[in-house]
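Numbering follows UniProt numbering, in which position 366 of the sequence shown is assigned residue number 366; successive positions increment by one, without gaps.
We put the CB at the ideal spot given by N, CA and C, even for glycine.
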Amino acid sequence: MTTHIDTDCVIVGGGPAGLMMALLLLRQGLEVTVAEKHADFLRDFRGDTIHPSTQDLLADLGLLDEFLARPHDDMPRVRLSWQGAELTLADFTRLPTRRKVMTFMPQWDFLDLLADTAAQHPGFRLLRSTRIDGLTRERGDEAGRGRITGVTGSGPDGDVTIRARLVIDASGRDSEIRAAAGLTPVGSAAAMDVLWFRLTRCADESYPFIQAGDGMIITIDRGGFFQIAHVIPAGTWTGSDDDLVLMRERIARISPRMADAVAAVTADDVHLLRVRLERLRRWYADGMLCIGDSAHAMSPAGGVGINLAIQDAVAAARILEPVLRGRPPRAKDLRRVQRRRTWPVRITQFVQRRLQGPLIASRAPGASLPFPLRMLRDHPRLTYVTGRFVGLGARPESIG
Numbered sequence: 001m002t003t004h005i006d007t008d009c010v011i012v013g014g015g016p017a018g019l020m021m022a023l024l025l026l027r028q029g030l031e032v033t034v035a036e037k038h039a040d041f042l043r044d045f046r047g048d049t050i051h052p053s054t055q056d057l058l059a060d061l062g063l064l065d066e067f068l069a070r071p072h073d074d075m076p077r078v079r080l081s082w083q084g085a086e087l088t089l090a091d092f093t094r095l096p097t098r099r100k101v102m103t104f105m106p107q108w109d110f111l112d113l114l115a116d117t118a119a120q121h122p123g124f125r126l127l128r129s130t131r132i133d134g135l136t137r138e139r140g141d142e143a144g145r146g147r148i149t150g151v152t153g154s155g156p157d158g159d160v161t162i163r164a165r166l167v168i169d170a171s172g173r174d175s176e177i178r179a180a181a182g183l184t185p186v187g188s189a190a191a192m193d194v195l196w197f198r199l200t201r202c203a204d205e206s207y208p209f210i211q212a213g214d215g216m217i218i219t220i221d222r223g224g225f226f227q228i229a230h231v232i233p234a235g236t237w238t239g240s241d242d243d244l245v246l247m248r249e250r251i252a253r254i255s256p257r258m259a260d261a262v263a264a265v266t267a268d269d270v271h272l273l274r275v276r277l278e279r280l281r282r283w284y285a286d287g288m289l290c291i292g293d294s295a296h297a298m299s300p301a302g303g304v305g306i307n308l309a310i311q312d313a314v315a316a317a318r319i320l321e322p323v324l325r326g327r328p329p330r331a332k333d334l335r336r337v338q339r340r341r342t343w344p345v346r347i348t349q350f351v352q353r354r355l356q357g358p359l360i361a362s363r364a365p366g367a368s369l370p371f372p373l374r375m376l377r378d379h380p381r382l383t384y385v386t387g388r389f390v391g392l393g394a395r396p397e398s399i400g
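Structure (structure tokens):
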């Protein structure tokens, strides 16, 4: 059996960008269907940083109090421990925002907030456990390049066909429908990968948020456990016993106190994220627009991926909503979104590429700080600049 749905906009991917765009369009009275391939949002090792600019957007939507009622931790400054010496990387306390902190919240809680709010609108559909893998088109030329009119896939009750004035691809850096639309990202693998794993947390135990000096460790306190991100040179992890021994030795050099805990980690506990820095030359095909990681895969450096994706969604909704009321968006409408968002993506990826070396460099004990860190240590006012870049992004977006 095939389920047929007609809607104003179909969004593929129920992540931060997809759900934020859905909510913004719904508030203007449009009908939106979101297709999410998973049954729920409960997945580990996803971005959990909600930046000050995103919290301002939540305040504009009337959601800030509900957001803050959910489990979270606030960080007014990003601190780094370099071989035991503490310094500030970014200071948010002087930002022109309602909340001058970066907030850590499990992504499933954040997504539940957006989905629950969207569900209050009658035009919203959230199709869970629905994998979208194809596109429908108008009759086009001999190569079949007609305007995209919807998507096809499969769900719990069989095949699904969704027809829409606009398809938004927010399904991530490995998008199937992006490839089906003939859109191919350019770029290269980054110089680093990230190993994610959990460590058991004992009562009153704590670690610095970032530890560095012979590679880097990021520690997120989840209450009952620590979520660890360990940055390593790209391509050096295969999951072998030797790799595991090297990982434990490297972590022990960076954080001697963590050595005993990491000794219990097995290769099966470690999840590898292969970092890619890439972007589409063209974010759109006739009838479809890519946003977030589908348009530009980011490094986890700075935790800015969610912020950029949400800003894409805000810009796209603001530009396209008036058009969607009357007709399917044309290529020139979709091009306006890309033009608006390309510059912040490029400048952010440039900065991330420059940061890769210091993040993964192996340094002997007592080695001097890398030049960028020395500048932040010796000129503390620069931490307000980095705080603005991380906390607001290169081009903040507003709803109105």
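Endpoints, beta strand (DSSP E) assigned at residue i
i: residue 101; result: Note, residue 101: premise wrong, no beta strand (DSSP E); not H, not E.
i: residue 216; result: 216-221
i: residue 261; result: That residue, residue 261, is in no beta strand (DSSP E); its alpha helix (DSSP H) goes 259-262.
i: residue 87; result: 85-91
i: residue 208; result: First-last for residue 208: undefined, no H or E at that position.
i: residue 268; result: Residue 268 -> no beta strand (DSSP E), and no H or E assigned at all.
i: residue 74; result: 73-75
i: residue 125; result: 124-127
i: residue 33; result: 32-35
Three-way DSSP call (helix, strand, coil) for residue i in this model
i: residue 298; result: coil
i: residue 110; result: helix
i: residue 348; result: helix
i: residue 286; result: coil
i: residue 141; result: Confidence in residue 141 is poor, its pLDDT being 48 and thus under 50, which makes the residue's placement too unreliable to answer from.
i: residue 157; result: coil
i: residue 49; result: strand
i: residue 254; result: helix
i: residue 245; result: helix
i: residue 323; result: helix
i: residue 164; result: strand
i: residue 233; result: strand
i: residue 304; result: coil
i: residue 397; result: coil
i: residue 1; result: coil
i: residue 198; result: strand
i: residue 316; result: helix
i: residue 7; result: strand
i: residue 190; result: strand
i: residue 59; result: helix
i: residue 169; result: strand
i: residue 135; result: strand
i: residue 311; result: helix
i: residue 354; result: helix
i: residue 339; result: helix
Buried or exposed by the 16-neighbour rule on C-beta atoms within 10 Å, applied to residue i
i: residue 245; result: exposed
i: residue 66; result: exposed
i: residue 4; result: exposed
i: residue 330; result: exposed
i: residue 37; result: buried
i: residue 375; result: exposed
i: residue 343; result: exposed
i: residue 1; result: exposed
i: residue 9; result: buried
i: residue 51; result: buried
i: residue 385; result: exposed
i: residue 295; result: buried
i: residue 235; result: exposed
Alpha-carbon spacing of residue i relative to residue j, whole angstroms
i: residue 338; j: residue 230; result: 33 Å
i: residue 290; j: residue 178; result: 8 Å
i: residue 275; j: residue 78; result: 22 Å
i: residue 158; j: residue 126; result: 16 Å
i: residue 98; j: residue 396; result: 14 Å
i: residue 237; j: residue 399; result: 42 Å
i: residue 205; j: residue 83; result: 19 Å
i: residue 142; j: residue 212; result: Residue confidence is low: residue 142 scores 46 on pLDDT, short of 50, so the model does not pin down where it sits. No coordinate-derived value is stated.
i: residue 381; j: residue 130; result: 49 Å
i: residue 163; j: residue 151; result: 7 Å
i: residue 388; j: residue 73; result: 20 Å
i: residue 153; j: residue 181; result: 15 Å
i: residue 109; j: residue 192; result: 29 Å
i: residue 16; j: residue 316; result: 14 Å
Host alpha helix (DSSP H) of residue i (start-end)
i: residue 177; result: 176-180
i: residue 390; result: 382-392
i: residue 66; result: 64-68
i: residue 22; result: 16-26
i: residue 372; result: 371-378
Cβ of residue i within 7 Å of any chain B Cβ
i: residue 368; result: In summary, chain B is missing from the structure at hand, where a single protein chain is found.
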